Structures are given as structure tokens and as C-alpha cells.
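Residue numbers (mature numbering (1 follows the signal peptide of the UniProt record, and there is no 0)): -22 to -1, 1 to 170. The C-beta atom is built at its ideal place from N, Cα and C for all residues, glycine as well. In this text the structure is predicted, and so the values were computed from the model without any measurement. This report concerns only the one structure given below.
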């Protein structure tokens, strides 16, 4: 009975929260306030919802049928007047699972080479199953990019190998963050 009441409450909250927002938030489950790793199963719903902000690791498991492997087709970012910066990963179709956590340094997948990029702290986002290239091998997103934002200073695609895509964010400090999704995209907000 608790689960049914919670589902009804969350659905109503999501529907009410969706009214009047220019940028709706998406279905994800709560992240812990501590740094204890937490794994959840997320279901996409039409109404927006979001997870609490924190600095601990956050994971959402999705197991989309493959092929086709979900492809990251673009990365967008913007500062928001509500005190956060947002980075959006465009992923048409089924969403992959994803995780986000702070790391002490950024390294390339495969080689382990250290990546030098702007930032005073670093968040690593790993998506699986996913790819950041077309079927012919041409990258859809790549490189290190400065954003000019206060919170998310830069991002870098540091891995695209065997169904895993790793993206690093160089941020202004170890700030709270929030990871969520909408249909066709996963996004991360970082407090400024």
C-alpha cells in the first residue's frame, strides 16, 4: 500500500511540477545525501521528476534492447538564473544506464592517459550501453570544450569504447549536482 501511495503522490507531484516550467525535469530516483554509492532502477514517465541534489555517486540502470546501441548525438550546456549550470546529453530513442561521481583526476578510457582540462573538481559521467560515434566510426561528440560558465567550466569526451561512453566535467569546485532525464536526453545540473 505504501508503494501505491508513493507512486500516486510522485505522479501528482510530477504533473503539478510540470506546469509552468520552461525546462521540465525528468524521471530519476533519489540520490543519497551522503557519499555512499546508490543504485536505482528508473522508469521513464511523461511527467517530470528529479532527484535531490548531492555530491555523492549517483547511478540509474537502464537496459535498452540492443542493437541499436543508444548514440549520444549532441552535448549542450547553459547557465540558469536559479543558481546552476546544466549540461544536456542528447540521446534519441531508448536511454542507456548512467552514473555520475566526483573523481580526483580525469583519465582516458583504455589508455589511462591523464587528461588536462579546466576545472577545480571533476565529475565523471559514464553511460552504458552507449556510443558517441556513427556506425562508420565517425564521432558524434568528441574533444575538450570550454563552456564559459561559472559552474561547469568545461567538458570532455574521454571514452567511447565497447558500449561505454565517459564524459568528464571540469567544475568550479566540489558543488552539489543533480542528474536526471527526459525522453531523448540525460542532463546534469551543477550548483554555481
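Give the secondary structure of residue 114 by DSSP, where H, G and I count as helix, E and B as strand, and everything else as coil.
coil
If we ignore side chains and look at the alpha-carbon of each, how far apart do residue 47 and residue 85 end up?
24 Å
Give a yes or no on contact between the region 85 to 104 and the region 113 to 120, applying the rule of three or more CB pairs nearer than 8 Å.
no
So residue 42 packs on residue 74, CB below 8 Å; how close in whole Å?
6 Å
Quick check on DSSP: helix, strand or coil for residue 78?
strand
Proximity of residue 38 and residue 54 at Cβ, strictly below 9 Å
no
Residue 121 to residue 144, Cα distance in whole Å?
12 Å
Residue 209 versus residue 93: straight-line alpha-carbon distance, rounded:
This structure leaves residue 209 out entirely; the chain is present only between -22 and 170.
Could you check what DSSP says for residue 145 in three-state terms: helix, strand or coil?
strand
Alpha carbon to alpha carbon, how far is residue 159 from residue 150?
23 Å
Check residue 69 in the structure and name its three-state DSSP category.
coil
Give me the residue from 105, 133, 136 with the minimum Cα distance to residue 69.
105
Going by DSSP, which residues form a beta bridge with residue 137?
144
Using 8 Å for Cβ pairs, my map puts residue 109 next to residue 49. What's the rounded Cβ distance?
6 Å
What residues in its chain sit with their C-beta under 6 Å from that of residue 103, if we drop five residues either side in the sequence?
78, 145
Is the beta carbon of residue 103 within less than 8 Å of some heavy atom of the ligand COA?
For the ligand COA, the structure offers nothing, since it holds no ligand at all.
What residues are listed by DSSP as bridge partners for residue 160?
163
Which partner residues does residue 122 have in the DSSP bridge list?
134
Buried or exposed (CB count within 10 angstroms, at least 16 for buried), residue 60
exposed
Minimum C-alpha distance to residue 134 - residue among 40, 123, 31, 161:
123
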